[in-house]
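Residue numbers (my numbering): 96 to 410.
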């Protein structure tokens with residue numbers, strides 16, 4: 096089924112861009128900006144960005160030839176995304192976590208990155224944070240001084256996943272989808288403009304987005320928009336209070352019942368201990384007497400000692 100006709104070529108055909116006079120550096124920066132915009136501003140990103148799904152707008156096909164000159168489209172060439180069957184999204188909390196993690200990495204602050212991961216609940220409390228920080232710094236740190244052409248994203252990602260496994264880190268599925276997409280984006284950028292400095296380009300985008308999310312005026316405006324809903328929800332407060340009091344009363348009665356059961360168990364344990372001492376004392380006394388007396392009285396005291404033991408067992 097054809098939904099729309101497009102005019103363009105796959106992003107991997109860089110020779111066509113050179114013939115058309117396209118600025119590949121500007122294209123690469125624009126593509127990375129679009130990706131981060133999808134992830135953080137729109138929160139709806141293309142998660143299958145291999146070269147066959149990402150085109151760049153070109154003039155009509157009949158003008159594309161080996162000896163063609165640079166052609167002015169009249170505007171900056173646009174990216175065209177195809178096959179949007181796999182799309183990703185992040186919760187607001189995950190967006191903030193990912194943005195703060197990336198900024199911490201860009202600032203070479205791996206201690207902060209591990210703290211962010213810990214507060215997100217992605218690692219167990221028993222995790223050795225210092226060891227995790229050292230492993231991440233040794234793996235990711237060298238990337239910060241390299242251009243995209245010198246970075247093996249796929250290899251680094253495999254090392255990060257191995258570190259996550261060793262430290263029992265739980266990576267949410269939606270973040271795994273984002274990481275996979277990053278590997279695709281890295282491959283596209285490597286083909287289009289190998290000298291692209293993704294860190295310098297991404298840092299101001301992330302910083303600006305985080306400042307926008309934490310802007311007090313923006314949050315106040317959001318609160319103002321939510322005010323009618325908040326006021327309507329206050330009508331449920333009496334009902335919630337009544338339910339809370341009933342729940343507390345029910346819990347109180349259950350706790351009283353449990354306390355009585357505990358007291359009864361304690362009393363039973365004390366009685367059992369008392370019977371143990373009585374049985375042990377009686378057994379010892381009857382055995383001592385039986386060993387001291389002679390004649391027909393000695394068997395009687397042995398029998399009494401046995402009866403004390405039987406009494407304790409049956410009691």
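Here a beta-carbon is modelled for each residue, glycine too, at the ideal position from N, C-alpha and C.
As the structure is a computational prediction, the values presented were derived from the model and not from experiment.
Closest in C-alpha terms to residue 237, from the list 256, 215, 259, 201, comes 201. For residue 176, the enclosing beta strand (DSSP E) has its first and last residue at 174 to 176.
Boundaries for residue 134: no alpha helix (DSSP H) harbours it, and the DSSP string shows neither H nor E there. Considering only 403, 367, 357, the residue with the shortest C-alpha distance to residue 377 is 403.
The residue among 173, 259, 189 with its C-alpha nearest the C-alpha of residue 226 is 259. When the five nearest sequence neighbours on each side are left out, the beta carbons in the same chain lying within less than 7 Å of the beta carbon of residue 117 are those of 172, in order along the chain. The beta carbon of residue 103 lies closer than 6 Å to those of 150, 151, 152, 153, 175 in the same chain, with the five residues before and after it left out. By the Cβ rule, the segment 244 to 255 does not count as touching the segment 213 to 227, because fewer than three pairs are nearer than 8 Å. Residue 375 and residue 355 have their C-alpha atoms some 30 Å from each other. Here the segment 270 to 280 makes contact with the segment 183 to 192; the two share three or more CB pairs at distances below 8 Å. Under the rule that a run must span 4 or more residues, the alpha helix (DSSP H) segments found entirely inside the segment 276 to 325 read 293 to 308. Residue 324 and residue 335 have their alpha carbons spaced roughly 17 Å apart. Nearest to residue 139 by C-alpha distance, out of 229, 392, 269, 264, is 269. Only exposed fits residue 271, as fewer than 16 other CB atoms lie within 10 angstroms of its CB.
By the beta-carbon neighbour count (other beta carbons within 10 angstroms, threshold 16), residue 364 is exposed. Taking C-beta atoms under 8 Å as the contact rule, residue 130 and residue 304 fail to qualify, at a distance of about 13 Å. The beta-bridge partner set that DSSP reports for residue 116 is empty. Taking C-alpha positions only, residue 99 is separated from residue 234 by approximately 44 Å.
Judged by DSSP in its simplified three-state form, residue 378 adopts helix. For residue 103, the enclosing beta strand (DSSP E) begins and ends at 103 to 105. Judged by DSSP in its simplified three-state form, residue 196 adopts helix. For residue 406, the closest of 371, 380, 384 by C-alpha to C-alpha distance is 371. Secondary structure at residue 183: strand, using DSSP grouped into helix, strand and coil. Judged by their CB atoms, residue 123 and residue 287 are nearer to each other than the 8 Å cut-off. Within 10 angstroms of the beta-carbon of residue 339 lie fewer than 16 other beta-carbons, which makes it exposed. Going by beta carbons, residue 194 and residue 208 fall outside the 8 Å limit.
Secondary structure of residue 235 (DSSP, three-state): helix. Residue 310 and residue 353 have their alpha carbons spaced roughly 50 Å apart.
Going by DSSP, residue 396 is part of the alpha helix (DSSP H) stretching over 392 to 409. DSSP places residue 388 outside both helix and strand once states are collapsed to three, so it counts as coil.
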